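Order-wise, the sequence lines are chains B and H.
Residue numbers for the first sequence follow this note's numbering, so the first one is 1 and each next one is one higher.
Residue numbers for the second sequence follow this note's numbering, so the first one is 1001 and each next one is one higher.
2 protein chains.
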Amino acid sequence: MTYPFLNRLRVIESSAFIAAPLAGLTLAQFGADVIRVDMIGGGIDYARMPRMPGGRSLYWTGLNKGKRSVAIDLRRSAGRELVQALATAPGPDAGVLLTNIGTPWLAHDVLASRRADAISCTIQGNADGSTAVDYTVNCATGYPAVTGGGSRERPVNHALPAWDIACAYQAAFAVVAAVDHRRRTGAGAQLRLALSDMAFTTLSHLGVLAEAELLDQERPSIGNHLYGAFGRDFATADGQRVMIAAISAGQWKALVAACDAAPAVAELARATGLDFADEAQRFEARDALAELLEPWFATRSQAEVAAVLDAHKVCWGPYRTVRELLATDARVSMANPVFERLHTPGIGEHLAAGAAVRAPAMAREATPPAALLGSHTDEVLHEVLGLDSSAIGRLHDAGVVAGPDADPSQRP
Amino acid sequence: MTYPFLNRLRVIESSAFIAAPLAGLTLAQFGADVIRVDMIGGGIDYARMPRMPGGRSLYWTGLNKGKRSVAIDLRRSAGRELVQALATAPGPDAGVLLTNIGTPWLAHDVLASRRADAISCTIQGNADGSTAVDYTVNCATGYPAVTGGGSRERPVNHALPAWDIACAYQAAFAVVAAVDHRRRTGAGAQLRLALSDMAFTTLSHLGVLAEAELLDQERPSIGNHLYGAFGRDFATADGQRVMIAAISAGQWKALVAACDAAPAVAELARATGLDFADEAQRFEARDALAELLEPWFATRSQAEVAAVLDAHKVCWGPYRTVRELLATDARVSMANPVFERLHTPGIGEHLAAGAAVRAPAMAREATPPAALLGSHTDEVLHEVLGLDSSAIGRLHDAGVVAGPDADPSQRP
């Protein structure tokens, strides 16, 4: 569902994959009029897995709901000229390009020559223009050597495209900050955001780089333990697993009380000389503490465990597969107002999320589902560029633009 | 380094751990005047690991650079009154609270009763107010069952606090969108963002929820393979590892050419009847394709591999530990303009990152290092609340506020 925060700010998105489309979705969910421009027949991400039996991508339609779709032959100069015109059309709530396509014809100076206060946000792999994706950046962050019991020799990749996601929200932030700045000063902005910079700056913010530089040490590879305090997964009697976190002193106290472990924990403190009120000392004794707590979990069903942990306000969560999550967790259902049901063309009806942010005083509108490619070609060309129906007809005849009938899912 | 985009927008941050502080840092890096308010002596995150030998936290100082610090006794009503006054002080570029502390005295209606157009952004664990942290949310996303060869029975946690990071940037975005909205309409905004909503909405955007609902299937657990195309880690002759991604058709073509693998790949296509120009069919044959490419990597040093892959513009990256990254990668060095060197009190001099976003036309200022707690107590009380030195003196005498001498690192 979408909020009216951004006053229909018009954003032209020429993009592929995750980071730029998710940035566009984020803007759309806050009320931007995001117009995604795609190659006629779809760009390189249009058929990304998972796909419906009919071929339409659940990945693409997930990332491109809430937007309008224009299909243009981006290889031809007449098509490129249309994209430039869309991105630089006048109006205080227009003149914004979001892209991850580092092509000269979408370069900032090209846009600025048509609209001096243009805002462009270009997401890159590396800042030098070379290609990188989440996986080929993450491998350099050090995390694979400390994930899942991995090591330098046997690194473990994350499955979540975490850097793409971070990049998306950072880009959406930068665009809105630049729009606000333009509203006050009249100045446009060229914004560039490299996935590798996103990852490596985050390492600085989390203290990871300073740790390596100043303490000359690497994070230990500690499996499912959390770093720097106490937390780990535990198996229950009925074959389920739960994750426990005791980061604050209060969380630790709650956990010890819930598991009836005060005497045993005190004994361990005596034996080791450690003070478990200090998170770093809990971390130091993590294996012994986990071993001490294991039997409590192993002799109870997940339901019993849940009841006791909740009663003590322990910070914990169950492990679930995605189907289990959907089947059992009210947080992922229509009982949660951030979700709605969409009917996406070529896909069917399904649960879908609006913005994660709740703004209780502001009404949300239903999210338009991801459109067939080119569904809004004609209305956008008319509304934004003022083209009349005969001009639009000529562009269709010349194959420069296309409507939804050219969507691959509409092929016989 | 900080950009002047946000015109010294004053944000009062009362926070702990990662999501809210990183949101505040993001705002600060774009030019907000972020004033972090902490309990005298430090909040529950002030000593988070890793720590310097003297006790100061590299985690806390990484997340709280670029901000001013005010130390207040938050347990006392006089202290709480000061925080409310700071968060609701007048001015078009003020009146913003960022917090993850769900306490009644920081509730939105309390602020709105003092300043009708107040903006508050409250980050929560779960939307019902119950506690959750990155780890106790991630376990429910399904990712641990498909990370690092994990399973439902042996889940693998990620080590990167990915949901905290996503939450931070999403929150910074929401704050700036609300500020822009207030500038146009005069209306304030109550924003709430739950970590669990952040995770579960992302599952929707990536198509993961729709896949489970409509196709009734779970993602496969595929180790270091990437999902939906071809990509995996490979060992080189000198004991190094590289990650290869061939998501687009162009990336695949480049990889096959670089590895001199065209005949063998064509033979495999014939034998299997698969068309490797289609990413889904590359994914289907991922094991056979990886096996076929392994010897090429295994018989070359990483340097040789790198030279050939770069010459063919293959999308790849080396695995590194953090120390290796710092020692060898120019992307994490003063050669990269997003980095600078800071001298942080109690820490020393070290590399630190500004915003990942590059805005070539806009000058950046040096980031102020993370301050000792309370370093800006007096100046903020004077500047924002107009208190004179005798009024400030009385607050010190009463123990309601403190200066940097009360920072734990200054204790003898």
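Heads up, the beta-carbon is just placed ideally off N, CA and C, and yes, glycines get one too.
Note that the structure is a prediction, hence the values are computed from the model and not measured.
What does the alpha-carbon distance come out to for the pair residue i and residue j?
i, j, result
"Arg48/B", "Arg8/B", "29 Å"
"Thr99/B", "Glu379/B", "22 Å"
"Arg76/B", "Met39/B", "10 Å"
"His108/B", "Ala189/B", "9 Å"
"Pro1360/H", "Gly273/B", "55 Å"
"Ala287/B", "Leu74/B", "Ala is not the amino acid found at residue 287/B; the sequence shown has Asp there. Roughly 58 Å between the two C-alpha positions."
"Arg1114/H", "Val137/B", "47 Å"
"Ala177/B", "Ala1258/H", "42 Å"
"Ala1249/H", "Leu1022/H", "37 Å"
"Ile1119/H", "Gly1231/H", "44 Å"
"Ala307/B", "Gly317/B", "12 Å"
"Gly1346/H", "Arg1323/H", "22 Å"
"Ala1266/H", "Leu381/B", "44 Å"
Got a sec: is the Cβ-Cβ distance from residue i to anything in chain B below 9 Å?
i, result
"Gly1346/H", "no"
"Ser1147/H", "According to the sequence as given, residue 1147/H is Thr; it is not Ser. So yes, Thr1147/H belongs to the interface."
"Trp1252/H", "no"
"Phe1283/H", "yes"
"Leu1098/H", "no"
"Met1052/H", "yes"
"Gly1142/H", "yes"
"Val1321/H", "Correcting the residue identity first, residue 1321/H is Thr in this sequence and not Val. True, the Cβ-Cβ gap to chain B drops below 9 Å."
"Pro1090/H", "no"
Evaluate residue i with the Cβ neighbour count: other Cβ atoms within 10 Å of its Cβ, from every protein chain shown; 16 or more gives buried, anything less gives exposed.
i, result
"Asp1407/H", "buried"
"Gly43/B", "buried"
"Arg1341/H", "exposed"
"Pro104/B", "exposed"
"Ser211/B", "First, the residue type needs correcting, since residue 211/B is Glu and not Ser in the sequence shown. Per the 10 Å Cβ criterion, buried."
"Ser1015/H", "buried"
"Gly129/B", "exposed"
"Glu1013/H", "buried"
"Leu385/B", "exposed"
"Gly1403/H", "buried"
"Gln1124/H", "buried"
"Tyr1328/H", "According to the sequence displayed, residue 1328/H carries Thr and not Tyr. Burial call: exposed."
"Gly1279/H", "Reading off the sequence, residue 1279/H comes out as Glu, not Gly. With 16 or more other Cβ atoms within 10 Å, it is buried."
So is the beta-carbon of residue i under 8 Å away from any non-hydrogen atom of the ligand MN?
i, result
"Asp1278/H", "Only the bare structure without any ligand can be found here, which leaves the ligand MN out of the picture."
Tell me the residue span of the alpha helix (DSSP H) that contains residue i.
i, result
"Trp105/B", "No alpha helix (DSSP H) contains Trp105/B, which DSSP labels as neither H nor E."
"Thr1469/H", "What is shown of chain H runs 1001 to 1412, which leaves residue 1469/H out entirely."
"Gln1251/H", "1249 to 1258"
"Leu98/B", "Looking at the DSSP string, Leu98/B is not in any alpha helix (DSSP H); the run it does join, the beta strand (DSSP E), is 96 to 99."
"Gly475/B", "Residue 475/B lies beyond the residue range present for chain B, which begins at 1 and ends at 412; the question has no answer from this structure."
"Ala1271/H", "1262 to 1272"
"Asp134/B", "134 to 138"
"Val1208/H", "1208 to 1214"
Against chain H, does residue i count as a neighbour if the rule is that its beta carbon must be under 9 Å from one of theirs?
i, result
"Asp197/B", "yes"
"Phe230/B", "no"
"Asp233/B", "yes"
"Cys315/B", "yes"
"Ser15/B", "no"
"Ser301/B", "no"
"Pro4/B", "yes"
"Phe297/B", "no"
"His181/B", "yes"
"Phe30/B", "yes"
"Trp60/B", "yes"
"Ile44/B", "yes"
"Asp238/B", "no"
"Asp329/B", "yes"
"Phe276/B", "no"
"Met26/B", "Per the sequence presented here, residue 26/B reads as Thr, with Met not at that position. Chain H contact via Cβ: present."
"Pro161/B", "yes"
Check whether chain C comes within 9 Å of residue i, counting only Cβ atoms and requiring the distance to be less than that.
i, result
"Gly354/B", "No chain C appears in the structure shown, which is made up of the protein chains B and H."
Between which two residues does the beta strand (DSSP E) harbouring residue i extend?
i, result
"Phe276/B", "Careful: Phe276/B lies outside any beta strand (DSSP E) and carries neither H nor E."
"Ile165/B", "Taken as a continuous stretch (DSSP letters only), Ile165/B belongs to no beta strand (DSSP E), being part of the alpha helix (DSSP H) at 162 to 185."
"Leu293/B", "Counting along the chain, Leu293/B falls outside any beta strand (DSSP E), though it belongs to the alpha helix (DSSP H) covering 286 to 298."
"Arg219/B", "Counting along the chain, Arg219/B falls outside any beta strand (DSSP E), and DSSP gives it neither H nor E."
"Asp1233/H", "1230 to 1235"
* Asked: Unbroken beta strand (DSSP E) runs of length 3 or more, entirely within the stretch 1006 to 1088 of chain H: which are they?
  -> As far as the stretch 1006 to 1088 of chain H is concerned, its whole beta strand (DSSP E) runs of at least 3 residues are 1010 to 1014, 1033 to 1039, 1068 to 1072.
* Asked: What are the uninterrupted segments assigned as alpha helix (DSSP H) that are 4 or more residues long and contained completely in the stretch 305 to 384 of chain B, given in chain order?
  -> Runs found: 322 to 328.
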